[in-house]
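Shown next, in structure tokens, is the structure this report addresses.
Number of protein chains: 4
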Amino acid sequence: MSLFDSLATTRALTDVFSDRALLGRMVQFEVALARVQGRLGLIPASAAEAIAAAADPDALDAAAIAAASVGTATMAIPFVEALRRRVRDAQPAAADHVHWGATSQDVVDTAVVLCLTSARAVLEADHRRVATGLARLADEHGGTVMLARTLLQPAPPTTFGLKAAGWLDAESRSWRRLAQAFDASRVLQFGGGSGTLAALGAHGIAVSSALASELGLDDPGAPWHSHRDRFATLVAACGVYTGVLGKIARDVSLLMQEEVGEAAERGGGSSTLPHKRNPSSCAIVLAAALRVPGLVAAFLAALPQEHERGVGTWHAECATLRDAVQTTGAALAATATIVETLTVDGDRMRQNLAATGGAIFAERAMVLLVPKIGRDAAAAAVADAIRAARTEGRTFGDALAANPTAAAALRPEDFSTLATPEAYLGSAEAFRRRLLSRPD
Amino acid sequence: MSLFDSLATTRALTDVFSDRALLGRMVQFEVALARVQGRLGLIPASAAEAIAAAADPDALDAAAIAAASVGTATMAIPFVEALRRRVRDAQPAAADHVHWGATSQDVVDTAVVLCLTSARAVLEADHRRVATGLARLADEHGGTVMLARTLLQPAPPTTFGLKAAGWLDAESRSWRRLAQAFDASRVLQFGGGSGTLAALGAHGIAVSSALASELGLDDPGAPWHSHRDRFATLVAACGVYTGVLGKIARDVSLLMQEEVGEAAERGGGSSTLPHKRNPSSCAIVLAAALRVPGLVAAFLAALPQEHERGVGTWHAECATLRDAVQTTGAALAATATIVETLTVDGDRMRQNLAATGGAIFAERAMVLLVPKIGRDAAAAAVADAIRAARTEGRTFGDALAANPTAAAALRPEDFSTLATPEAYLGSAEAFRRRLLSRPD
Amino acid sequence: MSLFDSLATTRALTDVFSDRALLGRMVQFEVALARVQGRLGLIPASAAEAIAAAADPDALDAAAIAAASVGTATMAIPFVEALRRRVRDAQPAAADHVHWGATSQDVVDTAVVLCLTSARAVLEADHRRVATGLARLADEHGGTVMLARTLLQPAPPTTFGLKAAGWLDAESRSWRRLAQAFDASRVLQFGGGSGTLAALGAHGIAVSSALASELGLDDPGAPWHSHRDRFATLVAACGVYTGVLGKIARDVSLLMQEEVGEAAERGGGSSTLPHKRNPSSCAIVLAAALRVPGLVAAFLAALPQEHERGVGTWHAECATLRDAVQTTGAALAATATIVETLTVDGDRMRQNLAATGGAIFAERAMVLLVPKIGRDAAAAAVADAIRAARTEGRTFGDALAANPTAAAALRPEDFSTLATPEAYLGSAEAFRRRLLSRPD
Amino acid sequence: MSLFDSLATTRALTDVFSDRALLGRMVQFEVALARVQGRLGLIPASAAEAIAAAADPDALDAAAIAAASVGTATMAIPFVEALRRRVRDAQPAAADHVHWGATSQDVVDTAVVLCLTSARAVLEADHRRVATGLARLADEHGGTVMLARTLLQPAPPTTFGLKAAGWLDAESRSWRRLAQAFDASRVLQFGGGSGTLAALGAHGIAVSSALASELGLDDPGAPWHSHRDRFATLVAACGVYTGVLGKIARDVSLLMQEEVGEAAERGGGSSTLPHKRNPSSCAIVLAAALRVPGLVAAFLAALPQEHERGVGTWHAECATLRDAVQTTGAALAATATIVETLTVDGDRMRQNLAATGGAIFAERAMVLLVPKIGRDAAAAAVADAIRAARTEGRTFGDALAANPTAAAALRPEDFSTLATPEAYLGSAEAFRRRLLSRPD
């Protein structure tokens, strides 16, 4: 994990996409290919064994392979050469059968798919932490009344439980889409030079099918060398999911403002300001939500790949795909921290509600007044009361009670409900329960 | 359809998102709301009837509403005022009950959802044209041999049928995702000012459920005012789908080059060059594939919406969503034209294959030679033959036959297959059949 | 201005890019071309006159031209045909000389450039409003003390004057870049079918030079048909500028929160909540700042244009360029409204400062203590005082004075400055003056 | 250089942004700050010396700092702590004065600026290679006639020299913009916790000015902690510049197609296809041109930074800025390879011209015929000749000569020029010279 990337990935996802991991996945492909071909009699069984024995990813020089990649625009060529050299050193004849019938894209794409299976597991663990934490918050705070806020202005009350249930619902739905996109991408790429497996003669389908099985991947029916919609859908699902996490972080960062003070993540300190508790995890999530959309755009722009292998289009994918998954993972881990450490201040929520002086119940007053006196008269009375409340430092309810029109139209108890948030929650609780009862 | 947008939308999709259509959808929402509330006794039945009677979208001044939107950052406020004025003119008392319990976002979001149902139907019709046309091409051209091309360089042969089947497979899979995203977005938005339907007291759920039913939409269980992942997934699916169409257009535009000449869309003329037949439809599709990724990024960036209604985040969506769907539709209509008018020149495909002088069969030579003489000797013989073929103007097969090492290792008939594309197609036909046999 | 675009453009910029305006610019090109060619004797002077006389943009059917554009992927072809028909009706022989030696891209690109000159003027007027308003705010509020906020948490004080001066500085610098990009784009495109002006024989340079002069444009030295970096730089400058405006809007929307209440734009009302004053103009600006980055990405992605005219790359530009400029203009007009209507509540700023109980001066305490007692002892004393202040409801200054270590190290007057914002403003005033003294 | 990044950066730019380099730049900031403060008497001179002596970046544990960054959302805090520990070990009292008056963002932003100065030098060296190579190509090939191609279809001829001059012109202009953006970003960031340098009392300006000087940076007049337009302009200029390089690579990759064969970069081999010479460097450039636009969008989206330090907005920049510069550098190095190894096949260019059978001169025929017989008769004759040429296998010139109308209107020598590209180059040479004579 480099310094420049320290907020844009996690240690676990750094490992998943490390040189060591990628070389391991490439070796896994070549060994599986040799084994399958050995079993089918396409290459000598002894060659398959020799390839498997010599194929130690840690013995390969990743830096040299990376440097040599520039010359051919693919890491596969120096990789295969290096692997072949190792096999040759152990059993010269076997070296001829390394990478038999495969092309660069087969080994790279399939290795990336295998890396993604590891990444999915890492993400899923953090998703479970987030979903569990949000369900707990939604469960505990059904009765925690707070201001709703629209366009960052106070609106009639809601509950923190409903807010958390909304976060949970969007998170769960978006995770399901992301998980499906991972699963749909879990397919072997194997097409040979032109996508016809011509070098394998009549054995292409048999090798392909057995190779998928050997690697624990699905057989996509045909190579997908220049059809990249599965990866694109995965990257796009990262974009949606990270955005959904960003909504949680944005809300928390706003609630955590000193002037609001309704909820707070554990947070981090400052280098200069000893009093501070910063929304550090929110910052990481929001940063990710800003970065991933551009990565999605970059991936989508590369979809129109030329003929049987693109020139530049294929080559643009690798780093972008890795960055999208890692940044999503960084956001997810930070969201888990937010959710698990979140403290909720129900008293402050009530204070902030009260501090509006009841103006947020103006809509409720309209609901009560309009059927009695019509919209125009109701609006006039309410506007008058809002003005009076502001200038005279009274609550909106008191000011409205002092308005003759309103006083004539409403019962005394109506005015008292204008200071009772619980009396104006509508379907908040019903919505919360509906959201919580959804299957994940 | 304005001039600036003429390549970025279609007439049908211009209508779907026109002022007239949108006002119609907004009116549809308000009328359905009034009817439901009338039935449930929340407003007078006569008011509901009066609202329905007065609610003529064509009587509303769209330009005035658009101009007034700037002041409140939503078109809903001037729209509701205009509608209320019309109702008042017809039946003053009924005007009080217009938009009862709803908020701006309810009517705008739901109207947009209703526009999307129309858009889906337009797109689906063109998708069927494309899928039908591609299936026909894939079906007819299983035996049409052509060069594969990787990084725009000749590779061993494939068939045009397999190429078309690959297009079809990606198009169908991506359409299914897009169609699912449309269907998942087909949900009512109805939450009132704070997303609690507080103004409806205990009747929120009942009104919400009946309203969804009245409008033919799904009930999402709870309002989704600041959870926009469904729309984001739809926009992202537009991005993937348009990219997949872009791949078809890119291939066709390359095949249509005069120097290649293997396939051509009907095309369009030039203002100055009377001889030209331009890939006009390809240009429209490729333009769309360049534009949509940025629209996806813009939509995703707006996901972290503040609290119960975002400030700017919600407001960024409308134009972007419309643009993404329209541009996708422009690409789709142009792809339909490409596919339906595509002419395929099998003779030219064979000529281009032959013009490589057999160098594309060097891989095949390796496949034959390696098991006999080992990779190093095989590579030397092949390299020698490629060199000889180039300098001496012979075919690769002849040049290889003249190489003593190769001549000793192979049978005479082996060399002749080096000029026979059909002998080196591997699993092309099997892959084509697999792709064609998929359920759509 | 359509409803879907109502927050994404302005009336003035709708006009600048309207069909009528664009056709007017295209006609302007053709008339200027004919006049220049008439003067140089390349076409009959009478033909030039006839073309000028017949060239009434309002007589052209924009909708028909837009519809016909799809067939040839350019509006220029149906436009030129329509213009030629009009000229023919007036003077048949003259019709032959319409669009002489020019190509589709020449008339479209140059017309777009001419539209951009109008757009620049519209934007500049609003820029001046913004710059004037910000300068006034920065000038008036040098002594208006307020909390700085980092990561949305309170930090030691700053002044509103410095904040406004920072806005002004970034806005002015970014406007200069945008204005330069407009000016650099103010170049004629004129290259004929292949970019060689071959149809004009030896007269290409002379016609080109005179045409630029006739249209009030710069002569770029050579056609730039597939070199689009000037437009790309303009779109990118829109992206930076809109982002800078977005920073102003974000700050104002945060200051306008009820719980903060330090500044407010005029704002707009709500459809349901009669008490509300929404940051409507902020919403428009922030929406633009979310949308334009994706438009920039779309434009940049189209830069690698094929050979002498791209297939799709050129065709992707038009709508994106228009959208970028219009959205920037919408943000700018809304920013002008924010700045011109901004009310600043200096009392509330002081209250919010005071409400921190002095914790924001912990850094100041460290500055005083470290030289006396070392960092470790200072940090311990400050941490103790922050804790004590929180639990005991005292100010940080009082709590620190009660700490024996601190009390021994500092003078009594030191503690009093811990509640005096003016005593801890550092270079705020110097920075404000420096920023205000910059030449625009 | 990791495998996933191997095509997205260069070795030199990997070093520029390495942990080691970044820590070195951060240390450079802290040492310069201490020295300046020592000179001004704000901290003991001995402390400054001790800090400078202890500040060895190689002694810091980059991995530990990166891991600790997540807790506070900034690498600066663990960095400063680590540096302070080292100083303390050497001279305890001096440790108190490390990072005196500065904030996290000061050291990170300024270190990034210093990294960018190194990056600029790396890029400039490759820019010079590209500009020199393009100037040579443009200089040598003024007489190398070739097909122009619009929408990938043949158009009247141009010269390869003009094409290369166009590349050069766009590259040079875009480099100047990028270089200016680098230079404008070369500014110190120094504001302390709130951007007021409050901890330095009255000495803020003096320290700031001396610190800029010590580091060889410009003094921006005031801190720019939440005004990021300079960086944004730099990233955007990377986007334009990479797109311009992408245009060169796209053209070369198209010219290098076997069926076109007019020019070729050195290229790289294939893992399976021994005959192939792939446009490897073009692939790297085009991949970069696909990726950078999304990075630009991500950077621009982060511009609206909250108050005096953003929450997530600032944190999104670091990795994106690094990626944009590195990817631009990868494109530039690959472009240098393309340009320096480009072989141009003038004979093939003539053959491809001839292979059109003269149809590309149809425009020329119109230019000759219209003044004689009017546009309608001319168009009919030309269309007839194009048809005849295609069906009868004749050249367009011969077919036109056989058309009675044309034969009557034109002189015999006119027809012969219809097969002479040199006779229809218009201002190609004049444009080439104009482009080459521009000052760089």
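Chains as they are written, first to last, in this note's numbering: chain L, 1 to 440; chain A, 441 to 880; chain W, 881 to 1320; chain S, 1321 to 1760.
The beta-carbon is built from N, C-alpha and C at its ideal position, and this holds for glycine as well.
Might you give, ordered along the chain, the residues of its own chain that have their beta carbon closer than 6 Å to the beta carbon of residue i, omitting 5 neighbours on each side?
i, result
"W:G918", "A925 and A928"
"S:A1701", "N1723, T1725 and A1726"
"A:L640", "G541 and V647"
"W:R1000", "F1062"
"A:M515", "I505 and S509"
Using only alpha-carbon positions, find the residue among the options that is nearest to residue i.
i, options, result
"S:G1763", "S:A1651, S:L1673 and S:D1339", "Since the first and last residues shown for chain S are 1321 and 1760, residue 1763 of chain S lies out of range."
"A:A771", "A:F469, A:A534, A:D579 and A:V684", "A:V684"
"S:T1516", "W:F1311, W:I1085 and W:A888", "W:F1311"
"L:T9", "S:L1662, S:L1575 and S:A1636", "S:A1636"
"A:T512", "W:A1257, W:D1278, W:S1150 and W:R1016", "W:S1150"
"L:E422", "L:D15, L:V145, L:P57 and L:A53", "L:V145"
"A:R526", "A:A493, A:T860 and A:T775", "A:A493"
Between which residues of its own chain and residue i is the CB-CB distance below 7 Å, once the five residues before and five after are set aside?
i, result
"L:A181", "T233, L234 and A237"
"L:G142", "T159, G161, E429 and R432"
"S:G1677", "A1709, T1715 and F1716"
"W:E1094", "A912, R915 and V916"
"S:L1575", "E1582 and A1583"
"W:A1289", "L1249, K1252 and I1253"
Does residue i pass the burial test, meaning 16 or more other C-beta atoms within 10 Å, or should it be called exposed?
i, result
"S:D1409", "exposed"
"S:T1840", "Residue 1840 of chain S is absent from the model: chain S starts at 1321 and stops at 1760."
"W:L1248", "buried"
"S:A1475", "buried"
"L:A297", "buried"
"L:G426", "buried"
"L:T242", "buried"
"W:R1137", "According to the sequence displayed, residue 1137 of chain W carries Gln and not Arg. Buried, because 16 or more other Cβ atoms sit within 10 Å of the Cβ of W:Q1137."
"S:Q1348", "buried"
Leaving aside the five residues before and after residue i along the sequence, list all residues of the same chain whose C-beta is less than 8 Å from its C-beta, in chain order.
i, result
"A:D658", "R626, V627, L628 and A652"
- prompt: Do the segment 1203–1221 of chain W and the segment 1160–1168 of chain W make contact, defined as three or more Cβ pairs closer than 8 Å?
  reply: Segments in contact, yes.
- request: Could you tell me whether the segment 1539–1551 of chain S touches the segment 1628–1643 of chain S, using the rule of 3 or more Cβ pairs below 8 Å?
  value: Three or more beta-carbon pairs drawn from the segment 1539–1551 of chain S and the segment 1628–1643 of chain S are found closer than 8 Å, and the two stretches are therefore classed as touching.
task: Would you be able to state if there are at least three C-beta pairs under 8 Å between the segment 1409–1419 of chain S and the segment 291–298 of chain L?
output: Because the criterion of three Cβ pairs below 8 Å is not met, the segment 291–298 of chain L and the segment 1409–1419 of chain S do not touch.
task: Name, going along the chain, the residues of the segment 498–522 of chain A whose beta-carbon falls closer than 8 Å to a beta-carbon of chain W.
output: Contacts with chain W (Cβ-Cβ distance below 8 Å) from the segment 498–522 of chain A involve A502, A503, I505, A506, A507, S509, V510, G511, T512, A513, T514, M515, A516, I517 and V520, listed in chain order.
task: Taking only beta carbons into account, state which residues of the segment 777–799 of chain A come closer than 7 Å to chain S, listed in chain order.
output: Against chain S - using a Cβ distance shorter than 7 Å - the residues of the segment 777–799 of chain A are N792, T796 and A799.
- prompt: Which of the residues in the segment 978–1004 of chain W, read from start to end, lie with their CB under 9 Å from any CB of chain L?
  reply: Near chain L, meaning a CB-to-CB distance below 9 Å, no residue of the segment 978–1004 of chain W qualifies.
Touching by the beta-carbon criterion (3+ pairs, under 8 Å), the segment 1452–1468 of chain S and the segment 1427–1437 of chain S: Cβ pair count under 8 Å is below three, so no.
task: Compile a chain-ordered list of the residues in the segment 291–305 of chain L whose CB is closer than 9 Å to at least one CB of chain S.
output: Across the segment 291–305 of chain L, CB contacts with chain S closer than 9 Å involve R291, V292, P293, G294, L295, V296, A297, A298, F299, L300, A301 and A302, in sequence order along the chain.
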